[in-house]
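Undergrad: Residue numbers (UniProt numbering), protein chains in the order written: chain A, 1 to 630; chain B, 1 to 177.
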């Protein structure tokens with residue numbers, strides 16, 4: 001993302017966007033990016049339109065600020081619709097007018113999941129009710145300059161306020177000892193401290209005794225075998241706070257991939273504080289950005305704490321994400337007991353490419369044979385996190401906001417849908433496969449043949465889930481049977497279709513084995529005893545009805561010459577109760593190769609042959625395969 | 001990527017790139033090798049675009065998801081790559097490749113290698129190690145696979161019985177453990 005270098009550019013974009021109700025956020029964000037540049041601001045002010053947009057952004061910002069604090073300004077601000085324009089409390093109604101309709105609304109409502117206070121409810125009401133248009137916003141825009149000033153003051157206040165919490169990382173020193181103990185426990189015993197022990201050590205501060213009672217950790221799983229997500233909203237995890245520019249932060253914990261957390265690229269420090277559903281030993285974090293039209297997150301840091309608000313965030317690690325659109329799993333260097341997790345992105349020293357979007361958590365899964373102690377930590381909302389400090393370091397954001405969001409469009413909006421915190425166990429030896437990202441597991445499994453895949457699926461429920469992946473089975477089907485039927489969508493998934501095809505192909509093979517063995521009893525059992533079965537032999541004779549067909553085979557088995565043939569190009573199509581197979585047979589007889597079609601019906605739990613048709617293949621010219629289609 | 005790897009005189013002309021692993025080890029690798037890792041490549045290119053002036057060529061690329069032991073193996077695998085890149089339709093070659101794959105020992109190692117290769121977006125490596133992993137459990141019994149990966153069976157006996165029935169055809173011709 002290039003920062004706007006000249007005001008007119010910005011304004012043009014804003015102008016376009018204003019005509020487009022869907023893109024309000026873009027305006028806001030773009031305005032914000034230009035804020036730091038004083039040149040920009042001058043030309044910026046000249047256009048009432050863009051200043052309006054800017055003020056809108058400010059309003060949004062303010063609104064979220066209030067939400068984030070969850071205390072303080074109370075309801076007055078948002079409900080006093082007709083206050084003078086330079087009073088920031090008027091801003092909320094304006095915002096609500098603008099953000100009507102479209103997806104923006106869903107962010108707001110989602111926010112209410114986390115911060116259900118009266119203010120928000122009222123806000124939502126106004127959002128609902130109003131249909132605003134561009135002209136109306138124009139009227140409001142005149143006062144945008146004074147607003148800007150006052151808003152900046154507000155912004156400063158916010159930063160100061162936040163700064164009080166930002167010693168955080170400075171205090172990690174004290175934690176280190178405990179961390180070392182933890183890690184030594186892990187390496188030597190391949191076990192983790194249980195939560196009590198961890199807490200004791202924390203209390204002692206410099207406890208020296210090695211914990212004696214080490215507990216093996218196992219993944220906690222959902223009843224259906226999926227990983228337990230400690231960061232799922234359904235499990236009670238919450239977004240406690242986030243940087244004020246962030247919109248829709250609570251969406252990162254939900255399952256809806258169409259809802260996301262958005263952050264403007266220009267924000268120096270983006271963070272989210274998440275309260276996990278319970279204290280857990282966090283071993284890995286899974287984060288994803290499924291939105292294609294936004295920049296991805298790149299570098300981010302994690303901090304954790306058992307309580308909140310806290311003075312001591314212990315760092316869990318910093319990570320660099322690949323620029324991909326699927327979920328990525330990040331293992332922490334040291335698993336830690338954590339209830340609150342902070343995700344910080346955009347560390348200034350890593351700059352160039354960075355996070356824009358932050359995102360989070362879905363699947364915190366993990367552990368415990370350990371008791372999970374659910375002393376529900378307080379849910380008070382405090383804004384915090386070490387972000388003011390780094391913001392300062394960024395020196396006003398000149399190059400510091402090194403977003404490399406390569407947005408080619410005017411949009412600087414970043415959307416993040418969802419992400420996941422996976423706290424996984426890392427017990428040596430145990431379920432190494434489970435440490436792999438699901439996509440990778442699937443990929444790895446696609447190299448297996450079908451019995452191996454099947455057996456793998458029987459090792460445990462998690463592997464069963466992985467090994468039942470539809471795409472793996474589809475790939476296997478194509479590999480083992482045919483590239484035909486690519487457009488087919490099997491009703492019960494590819495695994496079932498694979499199995500059914502495998503079964504039919506085996507039965508078809510059995511048919512030829514019976515001919516080789518000349519076993520009339522086997523052939524009698526093989527056919528369905530019905531009057532409609534038909535058999536056309538290579539001689540051209542047609543036999544109709546079960547008895548006639550079996551007699552014809554009896555005759556055939558009395559032929560003196562040996563029947564030695566090869567079957568090739570077997571193609572099977574299987575429906576729920578019927579299947580047909582076409583193939584070529586090459587026989588060591590004068591009559592030459594045959595095109596063969598067999599049809600089967602499913603009765604009483606097994607497949608019966610109901611039709612057999614064999615005809616001579618013209619040897620030179622390729623006779624089209626007589627594939628029967630339903 | 002192929003262009004960079006075909007640098008005619010890699011030892012003298014190609015720049016070195018420094019990679020920093022999760023345990024703070026520094027690896028100096030030739031650019032041609034590093035460019036096999038698409039994640040590194042992208043980072044590197046972004047870096048170039050952004051602040052060459054500020055940092056010069058001494059950029060250290062942090063790879064917090066990769067342990068030094070793993071990276072060392074990946075790099076050594078990577079260096080072997082160009083030779084084995086020739087068309088591998090030959091049966092003999094397939095056999096040598098299979099032997100080569102066997103060298104990458106324990107499942108834990110392989111899983112680490114795969115994760116790292118995935119993180120680094122190192123396609124050849126990903127394919128190779130996945131195949132190696134598959135080789136290990138190809139046609140083995142359920143018990144063997146459990147032991148191999150340290151998986152604990154969590155099915156109820158009757159569940160397991162059901163699955164075994166369902167996939168009876170998967171149990172024919174299993175290799176000796």
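Idealized CB from N, CA, C, for every residue including glycine.
Considering residue 572 of chain A, what are the terminal residues of the beta strand (DSSP E) in which it resides?
TA: Within the first chain, residue 572 of chain A is the residue found at index 572, counting from 1. Looking at the DSSP string, the run of the beta strand (DSSP E) that includes residue 572 of chain A is 565 to 574.
Undergrad: Can you check which of these residues, A:270, A:281 and A:306, is closest to residue 300 of chain A by C-alpha distance?
TA: Within the first chain, the letter at position 300 stands for residue 300 of chain A. When each option's Cα is compared against that of residue 300 of chain A, the closest is A:270.
Undergrad: Around the C-beta of residue 257 of chain A, are 16 or more other C-beta atoms found within 10 angstroms, so that it is buried, or is it exposed?
TA: Reading the first chain from its first residue, position 257 is the one you call residue 257 of chain A. Label assigned to residue 257 of chain A: exposed.
Undergrad: CB-CB under 7 Å to residue 486 of chain A, same chain, minus the five flanking residues each way: which ones, in chain order?
TA: As a position in the first chain, residue 486 of chain A is number 486, starting the count at 1. So no residue of the chain qualifies.
Undergrad: Taking only the alpha-carbon atoms, compute the straight-line gap between residue 581 of chain A and residue 536 of chain A and give it to the nearest angstrom.
TA: Translated into the one-based positions of the first chain, residue 581 of chain A becomes position 581. Translated into the one-based positions of the first chain, residue 536 of chain A becomes position 536. The straight-line gap from Cα to Cα measures roughly 15 Å.
Undergrad: At a Cβ cut of 8 Å, what residues of the region 307 to 322 of chain A count as close to chain B, listed as they run along the chain?
TA: So the list reads 317, 318, 319, 320 and 322, given in the order they occur along the chain.
Undergrad: Helix, strand or coil: which one does DSSP assign to residue 274 of chain A?
TA: Taking the first residue of the first chain as 1, we reach residue 274 of chain A at position 274. Note: residue 274 of chain A maps to strand in three-state DSSP.
Undergrad: Looking at the strands, I want to know which residues DSSP matches up with residue 483 of chain A.
TA: Numbered from its first residue, the first chain carries residue 483 of chain A at position 483. In DSSP, residue 483 of chain A forms no bridge with anything.
Undergrad: Report back the beta-carbon spacing between residue 302 of chain A and residue 230 of chain A to the nearest angstrom; my notes put them in contact at under 8 Å.
TA: Locating residue 302 of chain A in the first chain gives position 302, where the first residue counts as 1. Locating residue 230 of chain A in the first chain gives position 230, where the first residue counts as 1. Contact doesn't hold; Cβ gap of about 13 Å is too wide.
Undergrad: Using only the alpha-carbon positions, how far apart do residue 155 of chain B and residue 461 of chain A sit?
TA: For the purposes of this step, residue 155 of chain B is taken as residue 155 along the second chain, with counting starting at 1. For the purposes of this step, residue 461 of chain A is taken as residue 461 along the first chain, with counting starting at 1. Cα-Cα distance, rounded: 7 Å.
Undergrad: From the DSSP output, in three-state form, read off residue 446 of chain A for me.
TA: The count along the first chain starts at 1 and reaches residue 446 of chain A at position 446. Here residue 446 of chain A sits in coil by DSSP.
Undergrad: Tell me residue 329 of chain A's beta-bridge partners as DSSP assigns them.
TA: Indexing the first chain from 1 puts residue 329 of chain A at position 329. For residue 329 of chain A, which the question treats as bridged, DSSP gives the partners A:286.
Undergrad: Between the alpha carbons of residue 20 of chain B and residue 41 of chain B, how many angstroms are there, rounded?
TA: In the second chain, residue 20 of chain B corresponds to position 20, counting from 1. In the second chain, residue 41 of chain B corresponds to position 41, counting from 1. If you take the alpha carbons of residue 20 of chain B and residue 41 of chain B, they lie about 14 Å apart.
Undergrad: Under 8 Å: do the region 526 to 536 of chain A and the region 598 to 612 of chain A share three or more Cβ pairs, one atom per stretch?
TA: Result yes; three or more Cβ-Cβ pairs closer than 8 Å.
Undergrad: Could you check where the alpha helix (DSSP H) with residue 60 of chain B kicks off and where it finishes?
TA: Position 60 of the second chain, counted from the first residue, corresponds to residue 60 of chain B. Taken as a continuous stretch (DSSP letters only), residue 60 of chain B belongs to no alpha helix (DSSP H), being part of the beta strand (DSSP E) at 60 to 63.
Undergrad: Just to make sure I have the definition right: I need the residues of chain A whose C-beta is within less than 8 Å of the C-beta of residue 160 of chain B. Which are they?
TA: Your numbering for residue 160 of chain B matches position 160 in the second chain. In chain order: 458.
Undergrad: Let me check one thing: in DSSP terms, what residues is residue 579 of chain A bridge-paired to?
TA: As a working note, residue 579 of chain A is residue 579 in the first chain. DSSP lists A:574 and A:600 as partners of residue 579 of chain A.
Undergrad: Taking only beta-carbon atoms, is residue 284 of chain A less than 7 Å away from chain B?
TA: As a working note, residue 284 of chain A is residue 284 in the first chain. For residue 284 of chain A, the answer is no, since every Cβ of chain B falls outside 7 Å of its Cβ.
Undergrad: Cα separation between residue 566 of chain A and residue 599 of chain A?
TA: Along the first chain, read from residue 1 onward, the residue named residue 566 of chain A stands at position 566. Along the first chain, read from residue 1 onward, the residue named residue 599 of chain A stands at position 599. C-alpha separation (whole angstroms): 19 Å.
Undergrad: For residue 541 of chain A, I'd like the list of residues in its chain whose CB is within less than 6 Å of its CB, leaving aside the five on either flank, ordered along the chain.
TA: Here residue 541 of chain A refers to the residue found at position 541 when the first chain is read from its first residue. Result list for residue 541 of chain A: empty, nothing under 6 Å.
Undergrad: Would you please state the rounded distance, in angstroms, between the beta carbons of residue 61 of chain B and residue 33 of chain B? I believe it to be under 8 Å.
TA: Counting from one through the second chain, the residue named residue 61 of chain B turns up at place 61. Counting from one through the second chain, the residue named residue 33 of chain B turns up at place 33. The Cβ separation is near 13 Å, so there is no contact.
Undergrad: Beta-carbon of residue 451 of chain A versus every beta-carbon of chain B: anything under 7 Å?
TA: What you label residue 451 of chain A is simply residue 451 of the first chain in a count that begins at 1. So, interface residue.
Undergrad: Should residue 280 of chain A be labelled buried (16 or more other beta-carbon atoms within 10 Å of its own) or exposed?
TA: Taking the first residue of the first chain as 1, we reach residue 280 of chain A at position 280. So residue 280 of chain A ends up on the buried side.
Undergrad: Hey, is residue 593 of chain A's beta-carbon within less than 7 Å of any beta-carbon in chain B?
TA: Taking the first chain and counting its residues from 1, the one referred to as residue 593 of chain A is at position 593. So no, residue 593 of chain A is outside the interface.
Undergrad: Of the choices B:68, B:26 and B:17, whose alpha-carbon is the least far from that of residue 48 of chain B?
TA: Along the second chain, one-based indexing puts residue 48 of chain B at 48. Of the listed residues, the one whose Cα sits closest to residue 48 of chain B is B:17.
Undergrad: State the start and end residues of the unbroken alpha helix (DSSP H) segment that holds residue 171 of chain B.
TA: Position 171 of the second chain, counting from 1, holds the residue named residue 171 of chain B. Note, residue 171 of chain B: premise wrong, no alpha helix (DSSP H); not H, not E.
Undergrad: Can you tell me the Cα-Cα spacing of residue 69 of chain B and residue 28 of chain B, whole angstroms?
TA: Residue numbering aside, residue 69 of chain B sits at position 69 when the second chain is read from its first letter. Residue numbering aside, residue 28 of chain B sits at position 28 when the second chain is read from its first letter. One C-alpha to the other measures close to 14 Å.
Undergrad: Name the DSSP bridge partner or partners of residue 595 of chain A?
TA: Residue mapping note: residue 595 of chain A aligns to position 595 of the first chain, counting from 1. According to DSSP, residue 595 of chain A bridges with A:584 and A:615.
Undergrad: Please report the distance separating the alpha-carbon of residue 497 of chain A from that of residue 315 of chain A.
TA: Indexing the first chain from 1 puts residue 497 of chain A at position 497. Indexing the first chain from 1 puts residue 315 of chain A at position 315. Whole-angstrom Cα-Cα distance: 48 Å.
Undergrad: Can you name the residues that DSSP bridges to residue 541 of chain A?
TA: Locating residue 541 of chain A in the first chain gives position 541, where the first residue counts as 1. None; residue 541 of chain A has no bridge partner.
Undergrad: State the CB to CB distance for the pair residue 249 of chain A and residue 272 of chain A, rounded to an integer number of angstroms; the pair is presumed to be in contact (CB under 8 Å).
TA: For the purposes of this step, residue 249 of chain A is taken as residue 249 along the first chain, with counting starting at 1. For the purposes of this step, residue 272 of chain A is taken as residue 272 along the first chain, with counting starting at 1. So it is a contact: roughly 5 Å between Cβ atoms.
Undergrad: Would you mind sorting residue 469 of chain A into buried or exposed? The rule is 16 or more other CB atoms within 10 Å of its CB.
TA: Start at 1 with the first residue of the first chain, and residue 469 of chain A comes out as number 469. Classification for residue 469 of chain A: buried.
Undergrad: For a test of the three-state rule: what should DSSP assign to residue 153 of chain B, helix, strand or coil?
TA: Position 153 of the second chain, counted from the first residue, corresponds to residue 153 of chain B. Coil at residue 153 of chain B, not helix or strand.
Undergrad: Near residue 593 of chain A, which residues of its chain fall below 8 Å by C-beta distance, leaving aside the five closest residues on each side in sequence?
TA: Sequence index remark: in the first chain, residue 593 of chain A carries index 593 (1-based). The answer, listed in chain order, is 584, 585, 586, 587, 616, 617 and 619.
Undergrad: Just mark residue 453 of chain A as buried or exposed, buried being the case when its beta carbon has 16 or more other beta carbons within 10 Å.
TA: Taking the first chain and counting its residues from 1, one reaches residue 453 of chain A at position 453. By the neighbour-count rule (16 or more Cβ atoms within 10 Å), residue 453 of chain A is buried.
Undergrad: Using the three-state DSSP reduction, which class does residue 33 of chain B fall into: helix, strand or coil?
TA: Taking the first residue of the second chain as 1, we reach residue 33 of chain B at position 33. The answer is helix: DSSP assigns residue 33 of chain B an H, G or I state.
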